[in-house]
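Enquirer: If you're matching positions, the sequence shown starts at -12 in the numbering used here and goes up one per residue. Where is the CB? At the ideal position from N, CA and C, for every residue including glycine. Can you read through this structure? Questions will come right after.
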Amino acid sequence: MLVTFKTDVGNITMFGSDALQMIKMMGHSETVPGAILADDVPQALSRLKAALKAEKAPPSTDENEDEVEPAVSTAHRGLPLVNLLTAAVTAGCDVMWE
């Protein structure tokens, strides 16, 4: 499943499991579709940033480093959504996901 976050300033698409995790971090139920009104976007952004900061980096693996894909942290996966929410705050627009 893919989830697309839509605003008047742009859209991003994330894998469903990552998107649901980010939605929960913003303080919303993991319901798709969903939305955040423009007045509530700054608080959702603040919650998301705090949750991502609190996340720990994934453990690195030492075995067969040539064959293992590097782990991508939750904070790194959330960066496009943080940027989108920041732009939405600046523009004063709603955020929807489906």
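Which residues in the same chain have their Cβ closer than 7 Å to the Cβ of Val(-4), if we skip the five residues on either side of it in sequence?
Expert: Ala74, Ala75, Ala78, Cys80
Enquirer: Quick one: is Thr(-6) buried, meaning 16 or more other Cβ sit within 10 Å of its Cβ, or exposed?
Expert: buried
Enquirer: Under the three-state reduction of DSSP, which class applies to Thr(-9): helix, strand or coil?
Expert: If DSSP states are grouped into helix, strand and coil, Thr(-9) belongs with the strands.
Enquirer: Assuming Leu68 contacts Leu24 under a Cβ cut-off of 8 Å, what Cβ separation, rounded to an integer in Å, is found between them?
Expert: With a Cβ gap of about 17 Å, Leu68 and Leu24 do not count as contacting.
Enquirer: When the Cα atoms are used, what is the spatial distance from Glu42 to Gly65?
Expert: 11 Å
Enquirer: Quick one: what's got a C-beta closer than 6 Å to Thr61's C-beta in the same chain, skipping five residues either side?
Expert: Glu42
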